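Heads up: the protein sequence lines correspond to chains X and A, in order.
Each residue of the first sequence is one higher than the last, beginning at 21 in this note's numbering.
Each residue of the second sequence is one higher than the last, beginning at 504 in this note's numbering.
First comes the structure, then the notes that go with it.
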Amino acid sequence: MNALARLHAAMEGTPADRIPVFCNLLDQGARLLGIGPREYYASGEHVAEAQLRMREKYGYDNLWGLFYVGREAEFFGCREMVYAEDGPPNVGHMVIRTVEDVPRLEPPADVLSHPAFEQPRKCFDILRREAGGRFPICAYVTATMTLPVLLMGMERWLPLLLTGPRTLRDELLAKCHDFFVSQVRACRAAGADVIVYSNPFGSTDLVPMSFFREQSLPWIERDIEAAGRAGLVYYGGAARVNPVIETVLERTRVEAFYLSPLDDVAEGRARIAGRALCCAALNDIPMIDWAPAQVEQEVKRLVEAGKPGGRFLFGTLLMPLAIPEVNIRALVAAACRYGALDA
Amino acid sequence: MIQHLATGFAEAIVDTDGDKALQLVRQALAAGVSPEQVVFEVVVPCMDHLCGLAASDGGLSVAQHFLAAQISSDVVDAMLPRFRRAPQVAGRVVIGTAVGDFHALGKRIVSGCLSAHMIEVTDLGMNVPAERFVEQALARDAQVIAVSSMMVHTARGEHGCRGVRRILRERRLEQQLKVVVGGAPYRFDERLFEVVEADAWARSAIEAVPVVVRLVGEAGGP
Ligand code: B12
């Protein structure tokens, strides 16, 4: 059974050899190719090559078309990324400095043909050519309500969202929504099987439940309705999603949830109650200092909490560069072993 | 009256209703409540109350922390000039984000919460080198250096908290200057503060207040 078929089996709750195992390695690709992050991320060929080689090296199931999250700002005219040798790139130029910039903001008419999509598209093309139909190809798309963070920073967006002028706030959200929909379409057209719908503002770690219901939820409904549910995974950006699972399920019928390591897996699974795929994430930040045996223990704990009842996937967050290779190997080995199913 | 006000103020913050919180304060002042009472009998106890909520199971959301910090520090700032006697500061802190880190919100929320507790905060901004943290702490006669990081590599980097520790050790300043850290990575790894050689950490901005108060004491007080 190939990895894509394994993922489909997990989504549909049909028999498989084991649970899908996702390992999210991004910046590690530059190290593998022996080049700096700026050079690495300038080329879709680099990213695709490293994605394919890393998957082969460790033996997990998925491939990424994502370079780094801040890339989305480049579609809006962001001119500077801050690269680091030891961590992920960050947005270095905020396109929106004050709320007065909102009316001037121009979302691209079409993502697929936009210059900022040229390299990701190349990457997707290579992944599709080399591994399409065998390994799930993942895309990462920032939700409407979270996207403004990449354009103006959290310290400006949160006040605007909570207390700012409504009309400008809604104008910004409407523009972000148009971009969101266009980006999902572009990623699917380029070959993405999985769309990770990333929305920390869809978590009650970021906003209180009342705000979630009144403000976040309507945009989530609109996003998912417009994008379509196929292969879409609800992800809080590592913020907890357990408290909102039932509501999101009822209102959007989304087919997969990616929990935070801070969510209890058994609770998440119980809330989902077999109605969608439950993806558990290993807490990969302390994993930097763990011994391989500890990695194995933690994988075992999560898999045992999530596997019973089926429709379960084991994964990581965006793994920090400092995680030693032996721990990545220990993780994949343990996840495959404890995740075995009697098909 | 005060009790009623304190409860209403805390409720408004939990509901992220900033307008209501400010309106309650204005009404109280008009009814003869003193600025000192507003600070010490409403704002400070409210922060203590929220600290309990923040530490509870679900915790408080980032939005609630943000509004609590902003409103409370605004109210305290507005009250201080109207105090009959200059109030005593409860401690002095310099705060900034670690080298390579451009995430300002956490630091801003922490500053607001500390100010609302009468702790004097100097904000050194973002991407602050270790040397500057120490220099400024000495120049301001601070007891505590607070380092905020949003990412693992900026938390663990040699030029962040670890760099601050190295300088303090070399210059034998560890008795008089304590180091507190916080930000997203510390919430995912509760032992990370030890790895980076900080004296303490706090999960959230509101919970940072008692931690900083304790460190101020350990450093010999204001
Ligand atoms: C919202 C979010 C996003 C949003 C917005 C990010 C932003 N602010 O710019 C989006 C979706 C855009 C995003 C993107 C990315 N993110 Co992000 N994100 C989050 C999330 C869910 C919350 C972070 C946040 O903004 N919180 C709000 C602030 C105010 O909270 P805070 O920093 O924790 O601060 C509070 C406390 O910690 C404390 N505190 C803060 N500072 C201090 C200091 C002291 C002294 C004390 C005592 C206390 C204290 O008080 C504050 C209030 O209570 C976290 C996961 C999580 N659950 O925390 C990941 C997280 C921070 N992101 C992470 C990463 C990696 C990224 C990316 C780099 C991914 C990538 N490869 O591109 C990008 C970077 C984007 C960019 N800037 O260019 C990682 C960082 C860890 C790591 N691996 O290095 C996290 C932890 C997720 C994870 N576990 O993998 N992210």
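Glycine residues also receive a C-beta, built at the ideal position from the N, C-alpha and C atoms.
For clarity, every value in this text was computed on a predicted model and none was experimentally measured.
#1: Tell me whether Ser218 (chain X) sits in a helix, a strand or coil according to DSSP, three-state version.
#2: DSSP three-state call for Glu275 (chain X): helix, strand or coil?
#3: Can you check whether the C-beta of Ala601 (chain A) is within less than 7 Å of a C-beta belonging to chain X?
#4: Output needed in chain order: residues of the region 87-110 of chain X with a Cβ under 8 Å from some Cβ in chain A.
#5: Just how far apart, CA to CA, sit Arg635 (chain A) and Arg73 (chain X)?
#6: Starting from Ser651 (chain A) and walking both ways along the beta strand (DSSP E), at which residues does that stretch end?
#7: Looking at the unbroken alpha helix (DSSP H) that takes in Glu385 (chain X), where does it start and where does it end?
#8: Taking Glu275 (chain X) as the reference, which of X:Pro281, X:Ala296, X:Val285 has the closest Cα?
#9: Taking DSSP's pairing of strands, which residues face Ile157 (chain X) in a bridge?
#10: Are the C-beta atoms of Thr336 (chain X) and some chain A residue less than 7 Å apart?
#11: Under a Cβ-count criterion, where at least 16 other Cβ atoms within 10 Å of its own Cβ denotes burial, should Ala311 (chain X) be classed as buried or exposed?
#12: Closer than 6 Å to a non-hydrogen atom of the ligand B12 - does that hold for the CB of Thr519 (chain A)?
#13: Leaving aside the five residues before and after Phe96 (chain X) along the sequence, list all residues of the same chain whose C-beta is less than 8 Å from its C-beta, in chain order.
#14: I'd like the list of long-range same chain contacts for Val542 (chain A), defined as Cβ closer than 7 Å, with 5 residues on each side in sequence excluded.
#15: Measuring only the C-alpha atoms, how far is Asp47 (chain X) from Trp84 (chain X)?
#16: Note down, in chain order, every chain X residue with its Cβ under 8 Å from the Cβ of Leu608 (chain A).
#17: Can you tell which of X:Tyr278, X:Val261, X:Gly329, X:Cys143 has the C-alpha that lies nearest to the C-alpha of Gly294 (chain X)?
#18: Using a Cβ-Cβ cut-off of 7 Å, state whether Val715 (chain A) counts as contacting chain X.
#19: With DSSP collapsed to three states, give me the class of Arg38 (chain X).
#20: Which runs of the alpha helix (DSSP H) fall wholly inside the region 535-588 of chain A and span at least 4 residues, in chain order?
#21: Any beta-carbon of chain X closer than 7 Å to the one on Asp692 (chain A)?
#22: Hey, is Asn82 (chain X) close to the ligand B12, as in C-beta under 6 Å from one of its heavy atoms?
#23: Comparing C-alpha positions only, which one of X:Asn22, X:Ala29, X:Ala25, X:Ala36 sits nearest to Ala360 (chain X)?
#24: For Phe696 (chain A), which residues in chain X fall below 9 Å Cβ to Cβ?
#25: Under 7 Å, Cβ to Cβ, is there at least one residue of chain X near Phe512 (chain A)?
#26: Taking C-beta pairs closer than 7 Å, name the residues in chain A that Thr183 (chain X) reaches, listed in chain order.
#27: Along the alpha helix (DSSP H) that carries Phe144 (chain X), what are the first and last residues, could you check?
#28: Taking 6 Å as the cut-off, is the CB of Ile622 (chain A) close to at least one heavy atom of the ligand B12?
#29: Looking at the C-beta of Val578 (chain A), does it have a partner C-beta in chain X at a distance below 7 Å?
#30: Considering Cα atoms alone, identify which of A:Val536, A:Val715, A:Gln526, A:Ser564 is closest to Asp225 (chain X).
#31: Considering only residues of the same chain and omitting the five flanking positions on each side of Ser280 (chain X), which have a CB-CB separation below 7 Å?
#32: State the DSSP-derived secondary structure class of Cys98 (chain X), mapped to helix, strand or coil.
#33: Three-state secondary structure (DSSP) at Cys299 (chain X)?
#34: Can you tell me where the beta strand (DSSP E) holding Asp116 (chain X) begins and where it ends?
#35: Relative to the ligand NAD, is the shortest distance from any of its heavy atoms to the C-beta of Met174 (chain X) smaller than 6 Å?
#36: Kindly say whether His662 (chain A), judged by its beta-carbon, lies nearer than 7 Å to any beta-carbon of chain X.
Here's the rundown:
#1: On the first sequence, position 198 is the one that residue 218 (chain X) refers to. In the three-state reduction of the DSSP assignment, Ser218 (chain X) falls in the strand class, which pools E and B.
#2: Taking the first residue of the first sequence as 1, we reach residue 275 (chain X) at position 255. Residue state, collapsed to three classes: coil.
#3: To locate residue 601 (chain A), count along the second sequence from 1; it is residue 98. Answer no: the Cβ-Cβ gap between Ala601 (chain A) and chain X never drops below 7 Å.
#4: Within the region 87-110 of chain X, the qualifying residues are Val102, Ala104, Asp106, Gly107, Pro108, Asn110.
#5: Along the second sequence, read from residue 1 onward, the residue named residue 635 (chain A) stands at position 132. Along the first sequence, read from residue 1 onward, the residue named residue 73 (chain X) stands at position 53. About 42 Å.
#6: For the purposes of this step, residue 651 (chain A) is taken as residue 148 along the second sequence, with counting starting at 1. Ser651 (chain A) -> beta strand (DSSP E) spans 647-651.
#7: Lying before the first or after the last residue shown, residue 385 (chain X) is absent from chain X, which here runs from 21 to 363.
#8: Taking the first residue of the first sequence as 1, we reach residue 275 (chain X) at position 255. The residue with the shortest Cα to Cα distance from Glu275 (chain X) is X:Ala296.
#9: Start at 1 with the first residue of the first sequence, and residue 157 (chain X) comes out as number 137. Answer by DSSP bridge pairing, in chain order: X:Leu83.
#10: Working through the first sequence from its first residue, we reach residue 336 (chain X) at position 316. Taking Cβ atoms only, chain A never reaches closer than 7 Å to Thr336 (chain X), which makes this a no.
#11: For this step, residue 311 (chain X) is matched to residue 291 along the first sequence. Label assigned to Ala311 (chain X): exposed.
#12: Along the second sequence, read from residue 1 onward, the residue named residue 519 (chain A) stands at position 16. For Thr519 (chain A), the distance from the CB to the nearest heavy atom of the ligand B12 is not below 6 Å.
#13: For the purposes of this step, residue 96 (chain X) is taken as residue 76 along the first sequence, with counting starting at 1. Taken in chain order, the residues that qualify are Val115, Leu125, Glu126, Pro127, Pro128, Leu171, Phe199.
#14: Position 39 of the second sequence, counted from the start, is the residue given in the question as residue 542 (chain A). Within the same chain, Val542 (chain A) has close Cβ partners Val579, Met582.
#15: If you number the first sequence from 1, residue 47 (chain X) lands on position 27. If you number the first sequence from 1, residue 84 (chain X) lands on position 64. If you draw a straight line from the Cα of Asp47 (chain X) to the Cα of Trp84 (chain X), it is about 11 Å long.
#16: Counted from its first residue, the second sequence places residue 608 (chain A) at position 105. The answer, in chain order, is Gly173, Met174, Glu175, Leu178.
#17: Start at 1 with the first residue of the first sequence, and residue 294 (chain X) comes out as number 274. Minimum Cα distance to Gly294 (chain X) is reached at X:Gly329.
#18: In the second sequence, counting from the first residue as 1, residue 715 (chain A) sits at position 212. For Val715 (chain A), the answer is no, since every Cβ of chain X falls outside 7 Å of its Cβ.
#19: Here residue 38 (chain X) refers to the residue found at position 18 of the first sequence. Three-state result, Arg38 (chain X): strand.
#20: If we require 4 residues or more, the alpha helix (DSSP H) runs fully inside the region 535-588 of chain A come out as 547-558, 565-582.
#21: Taking the second sequence and counting its residues from 1, the one referred to as residue 692 (chain A) is at position 189. At least one chain X Cβ lies under 7 Å of Asp692 (chain A).
#22: In the first sequence, counting from the first residue as 1, residue 82 (chain X) sits at position 62. Result no, Cβ not under 6 Å from the ligand B12.
#23: Start at 1 with the first residue of the first sequence, and residue 360 (chain X) comes out as number 340. It is X:Ala36.
#24: Here the question's residue 696 (chain A) lines up with position 193 in the second sequence. Per Cβ cutoff of 9 Å: no residues; Phe696 (chain A) is ~12 Å from chain X at best.
#25: Start at 1 with the first residue of the second sequence, and residue 512 (chain A) comes out as number 9. False, the Cβ-Cβ gap to chain X never drops below 7 Å.
#26: As a working mapping, residue 183 (chain X) is identified with position 163 in the first sequence. Residues of chain A passing the Cβ test: Gly521.
#27: Here residue 144 (chain X) refers to the residue found at position 124 of the first sequence. It spans 138-151 - the alpha helix (DSSP H) in which Phe144 (chain X) sits, taken as one unbroken run.
#28: Position 119 of the second sequence holds residue 622 (chain A). No, the ligand B12 has no heavy atom inside 6 Å of this Cβ.
#29: Translated into the one-based positions of the second sequence, residue 578 (chain A) becomes position 75. Cβ-Cβ to chain X under 7 Å: no for Val578 (chain A).
#30: Residue 225 (chain X) sits at position 205 when you count from the first residue of the first sequence. Of A:Val536, A:Val715, A:Gln526, A:Ser564, the residue nearest in Cα terms is A:Ser564.
#31: As a first step, residue 280 (chain X) is located in the first sequence; it is residue number 260 there, counting from the start. The beta carbon of Ser280 (chain X) sits closer than 7 Å to the beta carbons of Gly256, Ala258, Ala259, Arg260, Val261, Ala301 from its chain, once the five residues preceding and following it are set aside; these are given in chain order.
#32: As a position in the first sequence, residue 98 (chain X) is number 78, starting the count at 1. Here DSSP, grouped into helix, strand and coil, assigns Cys98 (chain X) to coil.
#33: Numbered from its first residue, the first sequence carries residue 299 (chain X) at position 279. Cys299 (chain X) falls in the strand class under three-state DSSP.
#34: The count along the first sequence starts at 1 and reaches residue 116 (chain X) at position 96. It should be noted that the sequence gives Ile, not Asp, for residue 116 (chain X). Per DSSP, Ile116 (chain X) belongs to no beta strand (DSSP E) and is neither H nor E.
#35: As presented, the structure is devoid of the ligand NAD, carrying the ligand B12 as its sole ligands.
#36: Translated into positions along the second sequence, residue 662 (chain A) becomes position 159. Taking Cβ atoms only, chain X never reaches closer than 7 Å to His662 (chain A), which makes this a no.
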